[in-house]
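Numbers 532 to 661, taken from my numbering, label the letters of the sequence shown in order. Where is the CB? At the ideal position from N, CA and C, for every residue including glycine. See structure below.
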Amino acid sequence: MTATGQVLIRNIDQTPRSPVQMDGVKGASMAVMVGRKDGAPHFALRQFAVEPGGHTPRHRHDYEHEVYVVSGKGTVFLGGRDNQIRTGDVIYVPANEEHQFRVGQDAGEPLRFLCMVPVEQNCGGLVPGS
Ligand code: MN
532 MTATGQVLIR NIDQTPRSPV QMDGVKGASM AVMVGRKDGA PHFALRQFAV
582 EPGGHTPRHR HDYEHEVYVV SGKGTVFLGG RDNQIRTGDV IYVPANEEHQ
632 FRVGQDAGEP LRFLCMVPVE QNCGGLVPGS
């Protein structure tokens, strides 16, 4: 592998998805679109899906997230309160800021979002994801 890895074009439909297994998670899955296994030296890009009635854990960590909502709607706890989010929104979660994504039972579809983290923080979804 070279220092920068190989080029990559990957479709979400062909990317393995696995349940997020952390305390405080309900109905969330993750697909690593690009990460360490692909030779990316700095960033990992993951796609999350949170089912209606589901949520990610409320947590914080010493690195930031850059999030893009691909489809659906829900709320993100950020800045000490719940904020409505929907398709097309970008959310910046600063380091050490408590955050949680949540989808209403009546949402009708999963909330799908892309979430970027430093590559060393992405270990197959077993460490803090979104
Ligand atoms: Mn997080």
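Going along the chain, which residues of its own chain have a beta-carbon closer than 7 Å to the beta-carbon of P547, five neighbours each way excluded? Here the set comprises A562.
Between the C-alpha atoms of V621 and G558, what's the straight-line distance to the nearest angstrom? Computed Cα separation, rounded: 22 Å.
Per-residue DSSP class, three states only, for V643: The identity of residue 643 in the sequence shown is Arg, whereas the question assumes Val. Here R643 sits in strand by DSSP.
Going by alpha carbons, who is nearest to D593 out of P583, V624, D554? Nearest neighbour of D593 by Cα position, chosen from P583, V624, D554, turns out to be V624.
Is it the case that the Cβ atoms of E640 and F608 are separated by a distance below 9 Å? Taking 9 Å as the Cβ cut-off, E640 and F608 do not qualify as a contacting pair.
Cβ-heavy atom distance between H586 and the ligand MN below 8 Å? The closest heavy atom of the ligand MN lies 8 Å or more from the beta carbon of H586.
In whole angstroms, what separates the C-alpha of F574 from that of Q636? Rounded to the nearest whole angstrom, the C-alpha separation of F574 and Q636 is 32 Å.
Does the ligand MN have a heavy atom nearer than 8 Å to the CB of R643? Because no heavy atom of the ligand MN lies under 8 Å away, the Cβ of R643 does not count as near it: no.
Where I540 sits in the DSSP three-state scheme: DSSP places I540 in coil when its eight states are reduced to three.
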